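Colleague: Below is one structure. I have some questions about it.
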Amino acid sequence: MKRIETEILVVGGGATGTGIAWDAALRGFKVTLIEKRDLTHGTTGRYHGLLHSGGRYVVKDPVSATECIHENRILRKTHAHCIENTSGFFAVTPEDEGPYPDKFLEGCRATGVDCAEISVADALRREPLLNPRISRVFEVPDGTADSFLATHATVQAARHAGAQILTYHELMGLIIEGGDGNRRVVGAKVRDVAKGMDVEIRAQMVINATGAWAGMVTQMAGVAISVVPGKGVMVAMNHRALNTVVNRCKMPADGDIIVPVHTVAIIGTTDERVTDPENLRIEPWEVNLMLEEGDKLVPNLSKARVVRAWAGVRPLYQEDYAGASRDATRKFALLDHKERHGIDGFITITGGKWTTFRLMAEKTVDLAASHLGARKPCVTATTAVPGADQGNYWLGHRLHEIEEQKLQGQLICECELVTRAMLENAAKQNPLLTLDDLRRDVRLGMGPCQGGFCTYRAVGIIHEMGKAGVWEGDAGHQTHAAEEWDVAYIQSPARNVNGSGSVGDRPQQQGGSVGDRPQQQGGSVGDRPQQQGGSVGDRPQQQGDRPQQQGDRPQQRAGQTPPLFNPNLLLRDFLQERWKGVAPILWGRQLKQERLDELIYLNVMNADHLPDDQLASAMTDFYLFDTTPNEHEVHP
Amino acid sequence: MPMHTQSWESVGPSLDECIKCNICTSYCPVAEVTDKFHGPKYSGPQAQRFRENGQPQSPDHSVDYCSGCRVCNEVCPTGVRIAEINARARAQAAAEHGIPLRNRLLGRSDMLGKLGMIAPGLANWGMRQGFARSIAEGVLGISKHAQMPTWSREGTFASWLKRSAPNRLRSERKVVYYHGCSTMYYEPYVGKAAMAVFEHNGFEVVVPEQGCCGLPLLNNAEFPAAEKYHHHNLEWLTPYARQGYQIVGTSTSCTLTLKEEAPDMLDIHTPEARDLALAVWDIFEWLRELHAQGQMKTDFQPIDMVLPYHPPCQYRAHHIGSPVMDILPLIPGLDVRESHARCCGGAGTYVYKKEKYQIAMDVGQELFTWVDEQRPVTMTACTSETCRWHIESATKLPCRHPIEVLAAAYGLYDLEKRKLTKE
Amino acid sequence: MSDLFVIGAGLSGLMAAYTAARAGLRVQVVTKGLGSMHWAAGTVDVMGYTPEELSRPVQRPLEAIQALAHSHPEHPYVLLGSHQVQVALEEFTALMAELGLPYGGAGGFGALAHSTSGDNLLLPSAVGALRPAFLAPSAQLAGDMARPEPLLIVGFTGLRDFYPELIAENLAKQGFQARAAFLPLSLLTEQADRNNVHLAQALDLQARRLKLGGELKRLARAGERIGLPALLGLDDHAAALADLSAAAGAPIFEIPTLPPSVPGMRLYKALRARLWRMGVRIDVGLEGIGANVIAANGTAGRVQWVETATTTSRPLKHRAKAYLLATGGILGGGFDSDHTGRIWETVFDLPLTIPQARHQWFRPAFMDPAGHPVFNGGVAVNAAMQPVGADGQVLYANLWAAGGALAGADPIQQHSLEGLAIATGWAAGQAIVRALAQ
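Residue numbers (my numbering), protein chains in the order written: chain A, 52 to 687; chain B, 65 to 487; chain C, 21 to 458.
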């Protein structure tokens with residue numbers, strides 16, 4: 052068993068956890084962060100991408116509103132390249148008449164959220180598809196955020212400052228010493244799910260930053276807290292339609308916001324209290340509701356092509372919880388378990404929202420420091436993460452760079468303009484277990500065809516990289532990657548041209564010389580020994596606690612240890628992962644697209660009859676979660 | 065002018081239909097011969113998702129190499145308005161980078177027409193002088209190899225109309241003729257042939273005030289100017305449409321512009337624009353309908369010859385099939401052979417541009433080779449004027465409008481001398 | 021006015037047009053755009069997997085069709101009977117031989133009866149799985165895994181649609197001797213952005229393919245056969261294949277990969293050229309948007325005309341004696357659907373066997389071996405390929421249907437895409453010829 056000694060162990064690789072690791076490392080603490088899947092895999096990577104101005108909270112939750120506008124101004128500087136400056140409208144549709152708009156204006160003034168009423172004509176000129184029947188429009192400094200990139204960037208900054216980040220490391224239990232009234236968390240038992248290894252991490256402070264999963268972690272210390280997973284479904288339209296965030300000017304409710312993020316427009320969201328944060332079902336009634344509500348802001352939006360749907364879970368903390376979950380507070384909750392439950396060395400941070408992650412981290416590390424002894428002061432509000440020098444991103448930046456550098460022939464994911472070098476550099480320099488991890492890095496497969504063309508290409512390229520020895524001697528490369536993860540320019544085609552990345556040193560790329568590559572001359576190609584080394588292990592805990600999943604997988608799979616980066620497994624996993632998000636919205640054009648993807652993979656490739664069909668990765672079961680429509684077309 | 069989505073009727077949202085299959089790029093005649101153009105899918109539905117909001121546009125000019133032939137639209141299995149998306153992207157780029165003087169000149173066929181008509185002999189002579197053309201190429205970027213149209217030496221179509229007014233047929237059955245700039249200034253005989261055909265079939269022809277359809281401007285990315293032109297035509301022509309007139313044109317590009325190009329590219333979806341579009345007919349589309357009703361005269365004289373006919377790219381966009389092939393084969397003796405070549409390469413004013421001349425010639429090779437295979441032939445035919453000029457220049461064979469052939473079959477027109485028999 | 025008006029220019033529509041035109045009918049084909057063949061592998065898959073045996077490929081597809089009769093009486097193959105399917109395939113192979121793009125089977129070329137063993141071919145796919153196909157163009161035949169030669173899979177550095185090491189590794193895992201090698205893409209093109217079709221056109225030039233052949237000779241070991249991405253020439257393919265094989269001194273075969281499919285484009289262009297020569301008009305870019313029908317109580321109605329979309333709101337009307345719906349299913353655009361679960365046939369609004377409810381359309385896994393129910397339904401027809409209602413009665417006396425629009429099969433999942441298209445297209449063509457003769 053591997054042992055790690057650290058000062059602070061952060062559990063959870065979302066925005067909050069990574070923010071804590073960054074902050075604590077900058078203050079001079081020795082920090083280790085564990086995340087059971089990939090960074091942002093929980094809630095951070097499943098939200099609609101709004102950089103709140105605070106406008107949504109000015110009436111209902113003024114404290115949150117003030118926090119939001121404060122953090123909004125900071126993140127635009129510290130994480131500039133992760134943010135698009137879209138601006139935001141609050142529009143009064145015919146259904147929103149009443150006293151709310153005036154309360155809204157008043158709330159903005161009281162909370163410090165910049166707000167200006169603009170003429171409807173002006174709003175329609177800027178956003179011609181907006182409902183022409185709106186009566187008033189207020190503009191606020193909303194923006195949109197790439198939460199994958201922002202979290203990666205925060206992590207890179209944390210690693211620069213000395214933090215250790217371990218993805219695909221799942222918390223199995225807390226190590227607790229002492230008896231009643233004098234208990235102390237001294238570390239955690241962790242499972243490296245990629246390698247199938249146990250790891251023990253000793254720490255003076257364990258910070259539970261698992262968001263909607265926080266109650267499950269405190270349970271490991273025998274403490275019950277009320278964190279309600281509030282499930283929200285989001286629907287992404289195939290193209291932006293709008294370039295400004297548009298909110299309904301009313302009390303926050305289902306489907307009242309359209310957020311243009313990168314190439315898509317996201318309609319959000321529902322809010323359903325669920326018992327299990329892993330319950331990511333997308334009900335037909337939720338999809339239908341998003342489309343119907345979206346039409347109220349942008350008439351006929353529902354007739355445009357839907358590219359995907361997904362669900363995320365908000366962490367909603369309430370001391371004495373009851374009632375509908377949207378009414379639970381969106382303020383964050385910082386729990387000192389020593390003070391509350393007599394358990395030393397253990398802090399929980401939950402609640403809140405992406406926009407306030409940095410503030411949450413600051414307050415959390417302040418509390419940790421009060422126990423561990425203060426070091427340096429917090430500097431995250433004035434420290435830019437790597438890559439922020441690029442300034443705010445804008446929709447056309449990839450197109451622009453590709454044309455400037457003439458990289459059109461290099462495109463691997465044609466929908467989202469991902470070049471081969473971007474893919475290779477991300478794969479080489481960042482940890483990954485599945486192509487889905489690469490997707491979050493470079494937006495692979497996130498466009499209209501949903502992996503229809505790029506899955507094959509990405510699998511072929513990763514496989515070739517493996518053959519060329521890119522990961523030689525590092526069978527467990529998914530936790531290695533490069534010495535330093537390089538994410539600063541990960542999304543920039545111009546910064547990832549052939550030769551600039553270290554991947555370019557593959558033999559066949561240099562000379563363009565004709566002939567066999569040395570390692571292939573031995574004859575037939577088969578499994579290489581080092582590929583079979585890693586083991587994924589039993590994954591008992593993953594299979595047990597999710598009743599909705601298919602429980603009838605062949606028994607022999609459980610004990611099998613798949614070779615890492617088996618191309619057939621990469622391919623199957625990613626196709627299923629993409630399917631999971633399109634299955635809820637398959638009709639019309641996206642159904643046609645799916646049928647083309649079927650023709651490619653089930654017929655031309657015959658990829659459902661490849662060898663290694665019994666292999667499973669740490670994510671296979673997660674991807675098999677059933678998201679196909681049920682009969683609930685209206686809220687049951 | 066903001067180029068982003070104005071309405072769901074705009075061409076932009078049709079990108080939603082794209083399933084990424086790349087059939088368009090595989091059939092694109094321009095992408096086939098040059099990689100200065102990265103193909104219709106790349107420039108069209110793919111790039112369009114990155115193009116909203118008036119943000120800075122493509123720094124390269126690859127979309128400018130799209131010739132607008134619409135092979136992509138035709139082969140697209142899902143109905144993406146690829147060529148139109150590209151045209152709008154060109155316009156956006158032009159709005160940012162500015163429009164070269166050359167393109168401004170080439171975009172104004174009415175103004176060029178009027179200028180040349182001041183002294184057509186001199187103008188035509190100038191156009192044939194190597195020295196002058198070298199200057200034009202050096203200064204303006206107008207290819208010195210491209211054959212320019214020749215200004216009419218017999219006066220404009222309007223002047224002939226005025227001269228021949230007393231001879232016009234009066235009839236209960238009326239039709240409006242939209243002649244366009246080329247008939248007006250360069251090829252009045254095409255208009256005369258059309259008038260003869262209309263009248264032979266018993267129709268009184270009304271030629272109301274009309275302006276350039278604006279297509280050359282649209283092609284050269286001058287949207288605001290084109291919008292002005294279109295509004296004039298709406299003002300002049302829509303009243304006729306609303307009185308029930310059919311507005312028939314001999315230029316496939318002009319009729320297409322009135323029907324679809326102008327409203328779609330300029331996002332003008334008013335009732336006026338719709339009413340006008342509904343009343344506009346291509347002349348062979350109109351004749352086919354007349355024939356289907358059994359009302360087209362077929363008192364043809366035989367024409368014994370092989371006639372290679374090239375349907376111009378605009379017919380693709382009309383979505384009316386190949387109406388010329390429904391009518392010309394009715395002429396006894398005439399062996400009309402339809403070209404299946406994708407494009408002649410000329411593409412309106414494309415071939416006149418120095419940097420595109422060779423591409424235009426390479427694209428057209430498919431057609432020129434086919435014409436060669438049909439020899440011996442004495443002439444070819446094509447429905448669009450700029451195509452005719454380009455095909456003549458490349459094949460060294462006369463190229464006629466099919467309406468001239470039809471008028472000749474009625475015995476009203478001398479196909480060789482390009483004049484009415486009674487003139 | 022034509023005798024037969026075909027809507028759709030996929031394999032079924034063109035096969036029907038050919039059958040009818042050869043019998044002397046005047047045929048017009050309209051299509052919204054090109055598709056179908058341009059996406060698929062260019063082989064003729066007749067029956068690769070049966071609904072009963074989803075994991076192992078069918079060995080003898082014509083026999084498997086006979087076995088379907090009891091379990092799947094609604095399957096189009098069952099409606100036709102395996103003999104008709106075989107006759108249609110023979111017609112197709114004869115046609116393709118005439119067109120210089122010969123198709124052969126496990127036993128070689130020529131009339132099916134005496135040249136193929138009746139076995140499926142097993143051809144390596146672009147990921148190295150084995151694809152069951154009944155007939156393949158000559159360029160793919162040397163890939164049959166029943167042949168003994170070891171395989172050399174050759175790719176081009178930087179080509180985004182072909183990964184030879186992946187293919188070789190998967191073939192090796194399945195017990196075959198296979199290895200991979202790369203050649204520089206500059207052998208095919210100096211240009212930076214070319215797709216597979218453009219690269220195929222590059223090999224229409226003899227100088228290029230001779231150079232490539234020489235490099236292949238250098239790479240290949242004695243006794244090996246060489247697999248290449250399917251881009252060995254487009255318009256001069258037969259010569260390209262011959263030149264390459266001769267220069268390489270080894271059997272060469274193509275492996276089809278991502279769309280656009282070069283083998284499929286060759287097939288389309290060959291069929292199109294044949295139809296043009298027969299005087300069939302093919303109007304690409306005309307989308308069928310509706311029809312005018314006379315419905316009748318108790319007896320079959322009649323189609324009066326079909327409308328296609330134009331730029332104005334004046335649809336173009338097409339009148340013919342007979343109409344064939346060959347628009348394909350969901351992928352071909354023959355059916356459309358919306359978020360309420362409504363799914364409809366787009367030209368005649370024919371009844372579909374697909375349930376009008378999204379929750380009955382899918383199974384949880386993308387690769388569920390049983391396929392997704394939404395892709396199994398379509399237009400129900402009788403043995404003469406005429407659309408019928410729920411009561412089995414013919415709906416319109418002058419309407420036929422063929423290909424991907426038909427109910428009762430999932431041709432992508434079952435690997436029967438081209439076989440179904442050819443058999444039903446041919447059968448519909450025959451039925452129309454018979455009907456118009458009366």
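Cβ atoms here follow ideal geometry from the backbone N, Cα and C, with glycine treated the same way. Note that this is a predicted model, so its numbers are computed, not measured.
Take every Cβ of the segment 462-477 of chain A, pair it with every Cβ of the segment 180-191 of chain A, and state whether three or more of those distances are shorter than 8 Å.
Modeller: With a cut-off of 8 Å, the segment 180-191 of chain A and the segment 462-477 of chain A do not count as touching, because too few Cβ pairs lie within range.
Colleague: In whole angstroms, give me the CA-to-CA distance for Leu386(A) and Ile400(A).
Modeller: C-alpha separation (whole angstroms): 6 Å.
Colleague: When the Cα atoms are used, what is the spatial distance from Ser353(A) to Gly262(A)?
Modeller: Each residue's alpha carbon lies about 32 Å from the other.
Colleague: Between which two residues does the beta strand (DSSP E) holding Met35(C) run?
Modeller: Careful: Met35(C) lies outside any beta strand (DSSP E), inside the alpha helix (DSSP H) at Leu31 to Arg42.
Colleague: I need the straight-line Cα distance from Tyr421(B) to Leu143(C), nearest angstrom please.
Modeller: Taking the straight line joining both Cα atoms gives about 45 Å.
Colleague: At 7 Å on the CB atoms, spell out the chain B contacts of Met285(C), in chain order.
Modeller: Here the neighbours are Ser90.
Colleague: How many angstroms separate the CA atom of Gln570(A) from the CA atom of Ala201(C)?
Modeller: Here the model assigns Gln570(A) a pLDDT of 36, short of 50, so the residue's position is not dependable and the matter cannot be decided.
Colleague: My output table needs one value for His448(A): the three-state DSSP class, helix, strand or coil.
Modeller: Of the three classes helix, strand and coil, the one that applies to His448(A) here is helix, per DSSP.
Colleague: With 16 as the cutoff for other CB atoms within 10 Å, does Gly428(B) come out buried or exposed?
Modeller: The residue is buried, with at least 16 neighbouring Cβ atoms inside 10 Å.
Colleague: Considering only the alpha carbon of each residue, which of Met165(C), Gly305(C) and Gly354(C) lies closest to Gly397(C)?
Modeller: Selected option, being the one with the closest Cα: Gly354(C).
Colleague: With DSSP as the reference, please indicate the residues paired to Gln156(B) in a beta bridge.
Modeller: None; Gln156(B) has no bridge partner.
Colleague: Kindly indicate which residue of Gly63(A), Thr57(A), Thr91(A) and His683(A) has the alpha-carbon position closest to the one of Thr360(C).
Modeller: Per the Cα distances, His683(A).
Colleague: Kindly indicate the opening and closing residues of the beta strand (DSSP E) around Gly402(A).
Modeller: Note, Gly402(A): beta strand (DSSP E), Phe397 to Gly402.
Colleague: Report all residues from its chain with a CB closer than 8 Å to the CB of Leu461(B); omit the five preceding and five following residues, and keep chain order.
Modeller: For Leu461(B), where only same-chain residues beyond five positions count, the Cβ hits under 8 Å are Val435, Val441, Thr442, Met443, Thr444 and Ile455.
Colleague: Under 8 Å, with one C-beta from each stretch per pair, do the segment 73-89 of chain C and the segment 38-53 of chain C reach the 3-pair mark?
Modeller: The segment 73-89 of chain C is not in contact with the segment 38-53 of chain C.
Colleague: Would the segment 288-300 of chain B count as touching the segment 269-278 of chain B if we require 3 or more Cβ pairs under 8 Å?
Modeller: Yes: at least three Cβ pairs fall under 8 Å.
Colleague: Could you give the residue range of the alpha helix (DSSP H) that holds Cys159(A)?
Modeller: Cys159(A) -> alpha helix (DSSP H) spans Tyr151 to Thr162.
Colleague: So Ala126(C) and Asp139(C) are in contact, right, with Cβ under 8 Å, and what is the actual spacing, rounded?
Modeller: At roughly 4 Å, the Cβ-Cβ gap stays under 8 Å, so Ala126(C) and Asp139(C) are in contact.
Colleague: If you draw a straight line from the C-alpha of Val97(B) to the C-alpha of Ile423(B), how long is it?
Modeller: Their Cα atoms are separated by approximately 7 Å.
Colleague: Which residues does DSSP pair with Cys166(A) in a beta bridge?
Modeller: For Cys166(A), which the question treats as bridged, DSSP gives no partner whatsoever.
Colleague: What residues match up with Arg237(B) in a beta bridge as DSSP calls it?
Modeller: Bridge partners of Arg237(B): none, in fact.
Colleague: Looking at the structure shown, is Thr269(A) part of a helix, part of a strand, or coil, going by DSSP?
Modeller: The answer is helix: DSSP assigns Thr269(A) an H, G or I state.
Colleague: So, are the CB atoms of Pro680(A) and His379(C) less than 8 Å apart?
Modeller: Contact: yes.
Colleague: Specify the secondary structure class of Arg8(C) as computed by DSSP and reduced to three states.
Modeller: As displayed, chain C neither begins before 21 nor continues past 458, which places residue 8(C) out of reach and without an answer.
Colleague: Taking its Cβ as the centre, do 16 or more other Cβ atoms sit within 10 Å of His132(A), making it buried, or is it exposed?
Modeller: The residue is buried, with at least 16 neighbouring Cβ atoms inside 10 Å.
Colleague: Comparing the C-beta of Asp213(C) with each C-beta of chain A, is any distance below 8 Å?
Modeller: Interface residue, yes.
Colleague: Straight-line CA distance for Lys84(B) to Gly234(C)?
Modeller: Cα to Cα, the separation comes out at about 35 Å.
Colleague: Taking just the CA atoms, how far does Arg508(A) sit from Asn86(B)?
Modeller: Roughly 16 Å between the two C-alpha positions.
Colleague: Checking the sheet assignment: what are the DSSP bridge partners for Met288(A)?
Modeller: The partner list for Met288(A) (beta bridge, DSSP) reads Ala316(A) and Val357(A).
Colleague: Are three or more beta carbon pairs between the segment 432-449 of chain A and the segment 120-135 of chain A nearer than 8 Å?
Modeller: The segment 432-449 of chain A is in contact with the segment 120-135 of chain A.
Colleague: Restricting to Cα atoms, I'd like to know which of Val26(C), His58(C) and Gly28(C) is closest to Ala250(C).
Modeller: Here the closest residue by C-alpha is His58(C).
Colleague: Gly397(B) bridges to which residues according to DSSP?
Modeller: According to DSSP, Gly397(B) bridges with nothing at all.
Colleague: I need the straight-line Cα distance from Val191(A) to Asp331(B), nearest angstrom please.
Modeller: Looking at the two C-alpha atoms, the distance is approximately 30 Å.
Colleague: Would you tell me roughly how many angstroms separate the C-alpha atoms of Met271(A) and Lys246(A), rounded to the nearest one?
Modeller: So the two alpha carbons sit approximately 24 Å from each other.
Colleague: So is Ile432(C) in contact with chain A if we call contact Cβ pairs under 8 Å?
Modeller: Chain A contact via Cβ: present.
Colleague: Have a look at Arg356(A), Met497(A), Ala287(A) and Val315(A) and flag the residue whose alpha-carbon is nearest the alpha-carbon of Asn294(A).
Modeller: Looking at the Cα atoms, Val315(A) is the closest of the given residues.
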